[in-house]
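Q: Chain order of the listed sequences is A and B.
For the first sequence, position 47 matches number 46 in numbering that gives the first Met the number 0, and the numbering has no gaps at all.
For the second sequence, position 206 matches number 205 in numbering that gives the first Met the number 0, and the numbering has no gaps at all.
Positions of the beta carbon are idealized from the N, C-alpha and C atoms, including for glycine.
Predicted model only: the values in this text are computed from it and were never measured.
Just dropping this structure here.
Number of protein chains: 2
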Amino acid sequence: MTTQATMNDETLKSVQPSRREFVGAGLGLSAAGLLAAGAGGTLLSVENALAATAGEPFKPLLRSGDTILFQGDSITDAGRKRERDEANDAAALGLGYAWLASAQLLINSPEANYKIFNRGISGNKVYQLAERWEKDCLELKPDVLSILIGVNDFWHIRKNGYDGTLEKYQSGYRELLERTRKALPNVRLVICEPFLLVAGKEVKESWLEEFSGYCTAARRVAEGVGAVFVPFHSMFLAACKVAPPDTWAGDGVHPSASGATVMASAWLKAVGA
Amino acid sequence: MTTQATMNDETLKSVQPSRREFVGAGLGLSAAGLLAAGAGGTLLSVENALAATAGEPFKPLLRSGDTILFQGDSITDAGRKRERDEANDAAALGLGYAWLASAQLLINSPEANYKIFNRGISGNKVYQLAERWEKDCLELKPDVLSILIGVNDFWHIRKNGYDGTLEKYQSGYRELLERTRKALPNVRLVICEPFLLVAGKEVKESWLEEFSGYCTAARRVAEGVGAVFVPFHSMFLAACKVAPPDTWAGDGVHPSASGATVMASAWLKAVGA
Numbered sequence: 000m001t002t003q004a005t006m007n008d009e010t011l012k013s014v015q016p017s018r019r020e021f022v023g024a025g026l027g028l029s030a031a032g033l034l035a036a037g038a039g040g041t042l043l044s045v046e047n048a049l050a051a052t053a054g055e056p057f058k059p060l061l062r063s064g065d066t067i068l069f070q071g072d073s074i075t076d077a078g079r080k081r082e083r084d085e086a087n088d089a090a091a092l093g094l095g096y097a098w099l100a101s102a103q104l105l106i107n108s109p110e111a112n113y114k115i116f117n118r119g120i121s122g123n124k125v126y127q128l129a130e131r132w133e134k135d136c137l138e139l140k141p142d143v144l145s146i147l148i149g150v151n152d153f154w155h156i157r158k159n160g161y162d163g164t165l166e167k168y169q170s171g172y173r174e175l176l177e178r179t180r181k182a183l184p185n186v187r188l189v190i191c192e193p194f195l196l197v198a199g200k201e202v203k204e205s206w207l208e209e210f211s212g213y214c215t216a217a218r219r220v221a222e223g224v225g226a227v228f229v230p231f232h233s234m235f236l237a238a239c240k241v242a243p244p245d246t247w248a249g250d251g252v253h254p255s256a257s258g259a260t261v262m263a264s265a266w267l268k269a270v271g272a
Numbered sequence: 000m001t002t003q004a005t006m007n008d009e010t011l012k013s014v015q016p017s018r019r020e021f022v023g024a025g026l027g028l029s030a031a032g033l034l035a036a037g038a039g040g041t042l043l044s045v046e047n048a049l050a051a052t053a054g055e056p057f058k059p060l061l062r063s064g065d066t067i068l069f070q071g072d073s074i075t076d077a078g079r080k081r082e083r084d085e086a087n088d089a090a091a092l093g094l095g096y097a098w099l100a101s102a103q104l105l106i107n108s109p110e111a112n113y114k115i116f117n118r119g120i121s122g123n124k125v126y127q128l129a130e131r132w133e134k135d136c137l138e139l140k141p142d143v144l145s146i147l148i149g150v151n152d153f154w155h156i157r158k159n160g161y162d163g164t165l166e167k168y169q170s171g172y173r174e175l176l177e178r179t180r181k182a183l184p185n186v187r188l189v190i191c192e193p194f195l196l197v198a199g200k201e202v203k204e205s206w207l208e209e210f211s212g213y214c215t216a217a218r219r220v221a222e223g224v225g226a227v228f229v230p231f232h233s234m235f236l237a238a239c240k241v242a243p244p245d246t247w248a249g250d251g252v253h254p255s256a257s258g259a260t261v262m263a264s265a266w267l268k269a270v271g272a
């Protein structure tokens with residue numbers, strides 16, 4: 000499923016089929032053995048070995064040379080310069096979580112030669128991703144694809160007369176990912192939980208129960224395709240115990256600098272970077 | 000990441016005095032041995048064992064219940080509400096790296112019950128920390144004390160007619176930490192490297208060579224007291240290969256939101272959180 004960042008393909012083939020065996024033996028392996036097993040300069044931590052035993056995606060998810068694509072709505076878009084399309088261009092990556100996570104990857108691992116793109120577009124719902132998927136995803140041939148979508152699928156029913164439903168969100172999301180897997184069989188997927196905070200003038204506390212259906216749907220979609228899941232909504236619930244909701248997102252949807260920072264950290268943690 | 004925060008004091012006492020011994024045997028230890036050594040549910044990663052072999056401070060540095068104090072100048076201050084002095088108060092922690100690092104600690108480890116304070120004051124140099132140290136540090140009895148100081152010790156010689164020298168910075172810093180250790184023998188120290196980026200109207204590239212003396216001094220001071228060292232200047236040099244300097248600090252000194260984010264991450268990484 001998911002794999003170790005800096006290992007080359009040969010190493011992966013040799014390690015992966017015997018992963019359970021390796022892990023089964025893991026607790027008896029010497030530390031030197033763990034190092035040896037993670038050849039190519041990679042350390043396999045005990046934590047990782049345990050995670051793999053539990054059937055979780057094997058981390059870190061990223062590998063040297065990866066093309067990484069962030070997709071989504073305004074939260075991903077975050078003011079990026081759409082006319083710029085070179086990889087790793089700060090202005091093209093916007094000012095949100097996608098940029099902040101990318102910046103840390105590029106600063107901390109210059110030798111990994113990641114090529115990172117942001118193609119989030121403000122206002123998008125799942126069906127609008129589908130409309131521009133060929134050009135804005137498949138043609139870029141990402142090795143790692145991260146998607147954050149859903150708040151508009153929910154919100155625009157209330158505010159913009161959109162005739163969507165939760166079922167349409169979930170089935171549309173599944174279809175999009177099936178199409179993606181068909182075109183890019185080896186793509187590693189990261190699905191981000193949509194989130195909504197009770198802040199600003201619009202969001203009502205009474206919305207949260209229905210909105211939680213979208214969070215659950217995203218999680219199910221992620222499980223269905225073996226994606227890493229980034230629990231943004233849960234993380235923000237925890238964040239709201241640390242500081243008031245408008246600290247993280249003034250209107251309940253669009254993150255402040257602080258909100259984007261904790262999102263970037265949650266994203267990096269989820270992919271094991 | 001697992002945290003030593005979950006270890007109780009007995010566990011720490013039993014692990015810490017024999018650290019070198021444990022680490023010396025580390026590469027020959029079985030993974031089960033590593034697990035056992037990190038009793039109380041804590042995993043000691045191979046990475047940590049290697050770091051400790053290299054003579055670096057044992058990480059993670061933080062423990063449950065810790066009082067954590069951020070000290071420094073405007074970069075730490077970062078607009079904090081000085082009239083508020085409760086622990087973990089977002090407004091009292093400012094909007095800089097201290098807040099962003101704190102936010103992540105509080106969100107990710109609510110069970111650790113950290114009590115976090117910020118007492119940075121804009122414009123401060125080492126001797127001004129010393130003047131307010133009793134009230135703004137020793138009386139708070141921090142378990143973990145993080146200090147970022149130095150850019151004003153350098154800059155104000157140029158701009159404000161301050162009669163400081165590099166020697167005065169280094170010796171004053173050492174005296175401050177000796178005084179701290181005397182009053183708080185068990186305090187765990189984090190010394191942050193001062194930084195200067197060639198951005199804005201004031202900073203000249205020609206300043207960097209002399210400024211590097213302040214970076215080296217901070218590192219020596221850290222080594223002298225066995226502190227964790229956070230290499231902010233080195234990190235920003237790497238960041239400037241990712242995006243132009245003014246992305247990180249418009250005037251070369253005061254971090255943007257992006258600059259504060261990568262600082263917070265570097266700080267958390269340095270303490271092993």
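How far does the alpha helix (DSSP H) with A:S257 in it reach, from first residue to last?
A: Unbroken alpha helix (DSSP H) run through A:S257: A256 to A269.
Q: Exposed or buried, which one is B:N123 when buried takes at least 16 other CB atoms within 10 Å?
A: Looking at its Cβ environment, which holds 16 or more other Cβ atoms inside 10 Å, B:N123 is buried.
Q: For the segment 181-269 of chain B, list the beta strand (DSSP E) runs that are entirely contained and at least 3 residues long, ordered along the chain.
A: Entirely contained in the segment 181-269 of chain B, the beta strand (DSSP E) runs reaching 3 residues are, in chain order, 187-191 and 227-229.
Q: Taking A:G95 and A:P254 to be in contact with their CB atoms under 8 Å, please state how far apart those CB atoms are, rounded to whole angstroms.
A: Right, the Cβ-Cβ distance comes to about 7 Å (below 8 Å), so this counts as a contact.
Q: Report the residues of the segment 66-98 of chain A with a CB closer than 8 Å to any CB of chain B, ordered along the chain.
A: For the segment 66-98 of chain A, which is checked against every Cβ of chain B, the residues closer than 8 Å are N87, A89, L94 and W98.
Q: So, using beta-carbon positions, are A:Y172 and A:V125 closer together than 7 Å?
A: Against a cut-off of 7 Å, the Cβ pair of A:V125 and A:Y172 comes out as a contact.
Q: Any C-beta of chain A within less than 8 Å: which residues of the segment 225-236 of chain B qualify?
A: Cβ contacts with chain A come from M234.
Q: For A:L94, which of helix, strand or coil comes out of DSSP?
A: A:L94: coil per DSSP, three-state reduction.
Q: Whole beta strand (DSSP E) runs in the segment 78-135 of chain A with 3 or more residues, listed along the chain?
A: Correct list: 114-117.
Q: Consult DSSP for B:G163 and reduce its assignment to one of helix, strand or coil.
A: Reduced to three states, the DSSP call for B:G163 is coil.
Q: How is B:I67 classed by DSSP in three states: helix, strand or coil?
A: It is a strand residue.
Q: Can you name, in chain order, every residue of its own chain whose Cβ lies under 7 Å from the Cβ of A:N112, other than the five neighbours on each side?
A: Cβ neighbours of A:N112 beyond the five flanking positions: S63 and G64.
Q: Our contact map puts B:A242 next to B:L175 with C-beta atoms below 8 Å; I'd like the distance itself, whole angstroms only.
A: B:A242 to B:L175, Cβ: 35 Å. No contact.
Q: Can you pull the DSSP bridge partners for B:S170?
A: Beta-bridge pairing links B:S170 to no other residue.
Q: Reducing DSSP to helix, strand and coil, say where A:L60 ends up.
A: Three-state result, A:L60: coil.
Q: In whole angstroms, what is the alpha-carbon distance linking A:L165 and A:N151?
A: Near 11 Å, if we compare the C-alpha coordinates of A:N151 and A:L165.
Q: Determine whether the Cβ of B:L104 lies closer than 7 Å to any Cβ atom of chain A.
A: For B:L104, the answer is no, since every Cβ of chain A falls outside 7 Å of its Cβ.
Q: At the 7 Å Cβ level, is A:A242 part of the contact set with chain B, yes or no?
A: Interface residue, yes.
Q: Quick check: is any heavy atom of the ligand GDP less than 6 Å from the C-beta of A:F153?
A: This structure lacks the ligand GDP; in fact it carries no ligand of any kind.
Q: Roughly how far, in whole angstroms, is the beta-carbon of A:E204 from the beta-carbon of A:V197, given that I think they are within contact range, below 8 Å?
A: Yes, they are in contact, since the Cβ atoms of A:E204 and A:V197 sit about 5 Å apart, within 8 Å.
Q: Mind checking A:S211: buried by the 16 CB within 10 Å criterion, or exposed?
A: With fewer than 16 Cβ atoms within 10 Å of its Cβ, A:S211 is classed as exposed.
Q: Does any CB atom of chain A fall closer than 7 Å to the CB of B:S264?
A: Chain A, which has a Cβ nearer than 7 Å to the Cβ of B:S264, makes this yes.
Q: For chain B, check one thing: does any of its Cβ atoms lie closer than 7 Å to the Cβ of A:A272?
A: It does not; no Cβ of chain B falls within 7 Å.
Q: With A:I74 as the anchor, note down where its alpha helix (DSSP H) starts and where it stops.
A: Its alpha helix (DSSP H) spans residues S73 to D76.
Q: Out of B:R180, B:P230 and B:E133, which has the shortest C-alpha to C-alpha gap to B:V143?
A: If we check each option's Cα against that of B:V143, B:R180 comes out closest.
Q: Since B:N117 contacts B:L105 with CB under 8 Å, what's their CB separation in whole angstroms?
A: Actually they are not in contact, since the Cβ atoms of B:N117 and B:L105 sit about 13 Å apart, beyond 8 Å.
Q: At a Cβ threshold of 7 Å, is B:A111 touching chain A?
A: No, no contact with chain A.
Q: In terms of residue numbering, what span does the alpha helix (DSSP H) encompassing A:I278 cover?
A: Because chain A here runs from 0 to 272, residue 278 of chain A falls outside it and cannot be looked at.
Q: Under a CB-based cut-off of 7 Å, is A:A256 close to chain B?
A: At least one chain B Cβ lies under 7 Å of A:A256.
Q: For A:K80, I'd like the list of residues in its chain whose CB is within less than 7 Å of its CB, leaving aside the five on either flank, ordered along the chain.
A: Taken in chain order, the residues that qualify are A90 and A91.
Q: Please list the terminal residues of the continuous alpha helix (DSSP H) segment that includes A:K158.
A: Counting along the chain, the alpha helix (DSSP H) containing A:K158 begins and ends at V150 to K158.
Q: Does the beta carbon of B:A238 come closer than 7 Å to any beta carbon on chain A?
A: Answer yes: the Cβ-Cβ gap between B:A238 and chain A drops below 7 Å somewhere.
Q: In terms of alpha-carbon separation, which member of B:G258, B:P193 and B:A97 lies closest to B:K114?
A: Selected option, being the one with the closest Cα: B:A97.
Q: Measure the CB-CB distance between B:P141 and B:L188 and report whether it falls below 7 Å.
A: Cβ distance not < 7 Å, so B:P141 and B:L188 don't count as in contact.
Q: Determine whether the Cβ of B:T179 lies closer than 7 Å to any Cβ atom of chain A.
A: So, not an interface residue.
Q: Mind pulling the chain A residues with CB within less than 7 Å of B:V261?
A: Here the neighbours are A102, Q103 and I106.
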